[in-house]
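2 protein chains.
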Amino acid sequence: MATPQQPAGDEGRSVTRKIRLSREIVLEAALKLVDEEGLEALTMRRLGQALHRDPMGLYRYAANRAALLDGVTELVLNELAIFADDPDWQGQLRRIAHDLRLLALRHPNVVPLLVTRPLSTPLGLRPLGTLRPLEQILGLLIDAGFTASDALHVYRAYYGFLYGHILNELQEFIVDPDENEALLRLGLHRLPPKEFPRLRALAPALADYDGAAELDEGLTILLSGLAAHLSAPPVKKG
Amino acid sequence: MATPQQPAGDEGRSVTRKIRLSREIVLEAALKLVDEEGLEALTMRRLGQALHRDPMGLYRYAANRAALLDGVTELVLNELAIFADDPDWQGQLRRIAHDLRLLALRHPNVVPLLVTRPLSTPLGLRPLGTLRPLEQILGLLIDAGFTASDALHVYRAYYGFLYGHILNELQEFIVDPDENEALLRLGLHRLPPKEFPRLRALAPALADYDGAAELDEGLTILLSGLAAHLSAPPVKKG
DNA sequence: CCGGGGAAGTCTACATCGTAGATATTAGGC
DNA sequence: GCCTAATATCTACGATGTAGACTTCCCCGG
Numbered sequence: 213m214a215t216p217q218q219p220a221g222d223e224g225r226s227v228t229r230k231i232r233l234s235r236e237i238v239l240e241a242a243l244k245l246v247d248e249e250g251l252e253a254l255t256m257r258r259l260g261q262a263l264h265r266d267p268m269g270l271y272r273y274a275a276n277r278a279a280l281l282d283g284v285t286e287l288v289l290n291e292l293a294i295f296a297d298d299p300d301w302q303g304q305l306r307r308i309a310h311d312l313r314l315l316a317l318r319h320p321n322v323v324p325l326l327v328t329r330p331l332s333t334p335l336g337l338r339p340l341g342t343l344r345p346l347e348q349i350l351g352l353l354i355d356a357g358f359t360a361s362d363a364l365h366v367y368r369a370y371y372g373f374l375y376g377h378i379l380n381e382l383q384e385f386i387v388d389p390d391e392n393e394a395l396l397r398l399g400l401h402r403l404p405p406k407e408f409p410r411l412r413a414l415a416p417a418l419a420d421y422d423g424a425a426e427l428d429e430g431l432t433i434l435l436s437g438l439a440a441h442l443s444a445p446p447v448k449k450g
Numbered sequence: 213m214a215t216p217q218q219p220a221g222d223e224g225r226s227v228t229r230k231i232r233l234s235r236e237i238v239l240e241a242a243l244k245l246v247d248e249e250g251l252e253a254l255t256m257r258r259l260g261q262a263l264h265r266d267p268m269g270l271y272r273y274a275a276n277r278a279a280l281l282d283g284v285t286e287l288v289l290n291e292l293a294i295f296a297d298d299p300d301w302q303g304q305l306r307r308i309a310h311d312l313r314l315l316a317l318r319h320p321n322v323v324p325l326l327v328t329r330p331l332s333t334p335l336g337l338r339p340l341g342t343l344r345p346l347e348q349i350l351g352l353l354i355d356a357g358f359t360a361s362d363a364l365h366v367y368r369a370y371y372g373f374l375y376g377h378i379l380n381e382l383q384e385f386i387v388d389p390d391e392n393e394a395l396l397r398l399g400l401h402r403l404p405p406k407e408f409p410r411l412r413a414l415a416p417a418l419a420d421y422d423g424a425a426e427l428d429e430g431l432t433i434l435l436s437g438l439a440a441h442l443s444a445p446p447v448k449k450g
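Here the protein sequences line up with chains S and Z, keeping their order. All residue numbers for the first sequence refer to the working numbering, where the first residue is 213 and numbers rise by one. All residue numbers for the second sequence refer to the working numbering, where the first residue is 213 and numbers rise by one.
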């Protein structure tokens, strides 16, 4: 018989033989769990159950729950491709921004991690995968002609704006897609009209938010402004 | 004897008579706990202990822990003053930005809440205190001559940038203030030099981050860009 | 072929958490 | 003074992260 022993130990523990785990398999299962059921569903026991393993065994692949969370953020950020040798730095930053935006929309439950984990880990102790974008963007900017310290300024303004936009866009989510009145779609009817007249009046505008366009406009302003304020070439040769 | 009965029930429970609690007192104690010991220290039992009350009694003032967290963010945001009738909208937005930045620096442990709670609560269900800045800034912009929908665009770009900046600044924190070599102050010596040459080289620039200046430069670019792209008066009459 | 040793896996147990529900205590109206 | 309703307290339950002991497996030198 194929798929040999598996004596109905269904709870994750007391199962005899399985394929070998690896850090990546564990992290991918963790990401899946977060995507499907939210951050708070990612517990050691639930993850063990999803992998048909004893929860304690997971500590081989992540020292503790915090490390597991770090691993998930790293896994997600690894999906972000950066071409540091692109001579068109503005175009490249634009593309990265849209990629990261889509990544965030694909994994909305991970965004709190992306934003929150770095607040409790000093730069030097972060998972390397989360620092690589920083290093590569610095390279991109320096190669494009920026001073090292100007590159850092540009990076800060750019990444700050990008994360801010993503947070903004994700928090304006629709509460009731079946409803067709804008006020109700956003749940705004609960706000006292005297105190929130403009917010309520803006319901239609809020309800059709074109995130990509809004991001792009902001980037245009920011990037051209940065290029002007600092000493940078507009677009280099091909 | 003053301070009458208090028969050494030190654990927070079994204490006889105290001044009456109120939502504000509870929230202020919660904020204190978060400021002093971090978010994870804010548990019902610890808070009850801090107030010398039975933990269960707190459910009179917050329906559950999530509501307590919402209350804390509301309390912090209430410290932010907005003068919606200022005709100099750019100046006002600048001031608000710096105020919020300082507020975040004063309560760094609350920032994850500021940024994270709205992701799990639709607009209409948020604590009113967290929506008031939005309403007021919309008012400021509309009074300054912006279309309602342009005002929303400006608000989004502005607030996104602002939150992004705050996140950025807070995550570049110093790990070892006693050390005087920049690399070590930030813990960057652990990074593999081959893979992170520019990041390591930028250690000195990273170590002296002038957050206020950086925020201000970004705002200058963003606000003037927004004023130009949309149809807005540069600065209105006094 | 054996058997010993280290790694991988399992299990039990503990402190802590949020909170439902029962119980005790208080305060105010008649 | 007593009944009632609000308020306060207690107990208990099902989770959680993770330390530490125990068991099982695999491989490698003899």
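We put the beta carbon where it would ideally sit given N, CA and C, even for glycine. All values reported here derive from a predicted model rather than from experimental measurement.
**OP:** Report the rounded CA-to-CA distance for S:S361 versus Z:L414, giving the unit in angstroms.
**Re:** Numbered from 1 along the first sequence, position 149 holds the residue referred to as residue 361 of chain S. Numbered from 1 along the second sequence, position 202 holds the residue referred to as residue 414 of chain Z. Cα to Cα, S:S361 sits roughly 7 Å from Z:L414.
**OP:** Name, please, each residue of chain S whose Cβ falls closer than 9 Å to the Cβ of Z:I433.
**Re:** On the second sequence, position 221 is the one that residue 433 of chain Z refers to. Those are A369, I433, L434, S436, G437, L438, A440, H441, listed as they occur along chain S.
Original post:
Which residues in chain S sit within 9 Å of Z:I354, going by Cβ to Cβ distance?
Top reply: Indexing the second sequence from 1 puts residue 354 of chain Z at position 142. Those are R410, listed as they occur along chain S.
**OP:** Kindly indicate the opening and closing residues of the alpha helix (DSSP H) around S:I349.
**Re:** Counting from one through the first sequence, the residue named residue 349 of chain S turns up at place 137. Its alpha helix (DSSP H) spans residues 340–355.
**OP:** Check each candidate in S:I237, S:L411, S:P416 and name the one with the smallest Cα separation from S:A262.
**Re:** Working through the first sequence from its first residue, we reach residue 262 of chain S at position 50. Nearest option by C-alpha distance: S:I237.
**OP:** Tell me, please, whether the CB atom of S:L337 is closer than 8 Å to any CB atom in chain Z?
**Re:** Here residue 337 of chain S refers to the residue found at position 125 when the first sequence is read from its first residue. Yes, contact with chain Z.
Original post:
Comparing the CB of Z:L243 with every heavy atom of the ligand GTP, is any distance shorter than 7 Å?
Top reply: Among the components of this structure there are no ligands whatsoever, and the ligand GTP is therefore not found.
Original post:
Roughly how many angstroms lie between the CA atoms of Z:E240 and Z:R338, to the nearest whole one?
Top reply: Within the second sequence, numbered from 1, the residue matching residue 240 of chain Z stands at position 28. Within the second sequence, numbered from 1, the residue matching residue 338 of chain Z stands at position 126. Distance between the alpha carbons of Z:E240 and Z:R338: 19 Å.
Original post:
Cβ of Z:R402 less than 8 Å from any chain S Cβ?
Top reply: Working through the second sequence from its first residue, we reach residue 402 of chain Z at position 190. By this cut-off, Z:R402 is an interface position.
**OP:** Take Z:A419 and list the residues in its own chain whose beta-carbon comes closer than 8 Å to its own, dropping the five residues that flank it on each side.
**Re:** By 1-based counting over the second sequence, the position of residue 419 of chain Z is 207. Correct list, in chain order: I386, A394, R397, L398.
Original post:
So with Cβ pairs under 8 Å, would you call Z:T328 a contact of chain S?
Top reply: Numbered from its first residue, the second sequence carries residue 328 of chain Z at position 116. By this cut-off, Z:T328 is an interface position.
Original post:
Taking Cβ-Cβ distances below 7 Å as the criterion, which residues of the region 275–286 of chain Z are in contact with chain S?
Top reply: none
**OP:** Starting from the Cα of S:D247, find the closest Cα among S:R265, S:L431, S:L287 and give me that residue.
**Re:** As a position in the first sequence, residue 247 of chain S is number 35, starting the count at 1. Measuring from the Cα of S:D247, the nearest candidate turns out to be S:L287.
Original post:
Considering only residues of the same chain and omitting the five flanking positions on each side of Z:L325, which have a CB-CB separation below 6 Å?
Top reply: Mapped onto the second sequence, residue 325 of chain Z falls at position 113. Counting only Cβ-Cβ distances below 6 Å, and skipping sequence neighbours, we find L281, T285.
Subject >> C-alpha distance - Z:L431 paired with S:I231, whole-angstrom precision >> reply: The residue you call residue 431 of chain Z lines up with position 219 of the second sequence. The residue you call residue 231 of chain S lines up with position 19 of the first sequence. Cα to Cα, the separation comes out at about 54 Å.
Original post:
Residues in its own chain within less than 8 Å of S:D311 by CB, not counting five upstream and five downstream?
Top reply: The residue given as residue 311 of chain S occupies position 99 in the first sequence. Excluding sequence neighbours, S:D311 sits near L292, A293.
Original post:
Z:V323 versus chain S: which residues are under 8 Å apart at the beta carbon?
Top reply: What you label residue 323 of chain Z is simply residue 111 of the second sequence in a count that begins at 1. What Z:V323 touches in chain S: L331.
Original post:
How many whole angstroms separate the CB atoms of Z:Y375 and Z:L350, which I take to be in contact at a CB cut-off of 8 Å?
Top reply: Counting from one through the second sequence, the residue named residue 375 of chain Z turns up at place 163. Counting from one through the second sequence, the residue named residue 350 of chain Z turns up at place 138. That belief does not hold up - the Cβ atoms of Z:Y375 and Z:L350 are roughly 17 Å apart, past 8 Å.
Original post:
Hey, how far is the Cα of Z:G283 from the Cα of S:D298?
Top reply: The sequence position of residue 283 of chain Z within the second sequence is 71, counting from 1. The sequence position of residue 298 of chain S within the first sequence is 86, counting from 1. Whole-angstrom Cα-Cα distance: 47 Å.
**OP:** Would you kindly work out how many angstroms separate the C-alpha atoms of S:A417 and S:S332, rounded to a whole number?
**Re:** Taking the first sequence and counting its residues from 1, one reaches residue 417 of chain S at position 205. Taking the first sequence and counting its residues from 1, one reaches residue 332 of chain S at position 120. Going from the Cα of S:A417 to the Cα of S:S332 covers about 36 Å.
**OP:** Give a yes or no on whether the C-beta atoms belonging to Z:Q302 and Z:L435 are separated by under 8 Å.
**Re:** By one-based count along the second sequence, residue 302 of chain Z stands at place 90. By one-based count along the second sequence, residue 435 of chain Z stands at place 223. Cβ atoms of Z:Q302 and Z:L435: closer than 8 Å.
Subject >> Every unbroken alpha helix (DSSP H) within the region 368–444 of chain S, with a cutoff of 4 residues, ordered by chain >> reply: 394–397, 409–413, 415–419, 423–441
Subject >> Endpoints, the alpha helix (DSSP H) within which Z:A279 is located >> reply: Sequence index remark: in the second sequence, residue 279 of chain Z carries index 67 (1-based). First-last of the alpha helix (DSSP H) with Z:A279: 277–289.
Subject >> With 16 other Cβ atoms within 10 Å as the buried cut-off, status of Z:P404 >> reply: Locating residue 404 of chain Z in the second sequence gives position 192, counting from the first residue. Exposed is the call here.
**OP:** Could you say which of S:L400, S:A296, S:D422, S:I378 lies nearest to S:L513 if we only look at CA atoms?
**Re:** Limits of chain S in this structure are 213 at one end and 450 at the other, which puts residue 513 of chain S out of reach.
Subject >> Contact set between Z:V246 and chain S, taken where Cβ atoms lie within less than 7 Å >> reply: Position 34 of the second sequence, counted from the first residue, corresponds to residue 246 of chain Z. Near Z:V246 there are no residues of chain S at all, since even the closest Cβ is about 13 Å away, more than 7 Å.
**OP:** Determine the direct distance from the alpha carbon of S:Y271 to that of S:L233, and round the result to whole angstroms.
**Re:** Residue numbering aside, residue 233 of chain S sits at position 21 when the first sequence is read from its first letter. Residue numbering aside, residue 271 of chain S sits at position 59 when the first sequence is read from its first letter. Whole-angstrom Cα-Cα distance: 12 Å.
Subject >> Cutoff 8 Å; reference S:R306; Cβ partners in own chain excluding five residues on either side >> reply: Residue 306 of chain S sits at position 94 when you count from the first residue of the first sequence. Taken in chain order, the residues that qualify are D428, L431, L435.
**OP:** Determine the burial state of Z:R318: buried for a count of at least 16 other Cβ atoms within 10 Å of its Cβ, exposed for fewer.
**Re:** Locating residue 318 of chain Z in the second sequence gives position 106, where the first residue counts as 1. It counts as exposed.
**OP:** Please list the partners that Z:L346 has in chain S, where partner means a Cβ-to-Cβ separation under 8 Å.
**Re:** Here residue 346 of chain Z refers to the residue found at position 134 of the second sequence. The contacting residues are L411.
Original post:
Is Z:D359 helix, strand or coil by DSSP?
Top reply: In the second sequence, the residue the question calls residue 359 of chain Z occupies position 147. According to the sequence as given, residue 359 of chain Z is Thr; it is not Asp. The answer is coil: DSSP assigns Z:T359 none of H, G, I, E or B.
Subject >> Residues that Z:S361 contacts on chain S, provided the C-beta gap is smaller than 7 Å >> reply: Residue numbering aside, residue 361 of chain Z sits at position 149 when the second sequence is read from its first letter. A417, listed in chain order.
Original post:
In this structure, does DSSP put Z:L263 in helix, strand or coil?
Top reply: Translated into the one-based positions of the second sequence, residue 263 of chain Z becomes position 51. DSSP places Z:L263 in coil when its eight states are reduced to three.
Subject >> Proximity winner among Z:L379, Z:A369, Z:N380, Z:G260, relative to Z:R277 (alpha-carbon distances) >> reply: Numbered from its first residue, the second sequence carries residue 277 of chain Z at position 65. Ranking the options by Cα distance to Z:R277, first place goes to Z:G260.
**OP:** Using 10 angstroms around the beta-carbon of Z:L340, count the other beta-carbons present and answer buried if the total reaches 16, otherwise exposed.
**Re:** The residue you call residue 340 of chain Z lines up with position 128 of the second sequence. That one is exposed.
**OP:** Could you work out which residues of chain S lie near Z:Q383, taking near to mean beta carbons separated by less than 7 Å?
**Re:** Here residue 383 of chain Z refers to the residue found at position 171 of the second sequence. What Z:Q383 touches in chain S: P330, L331.
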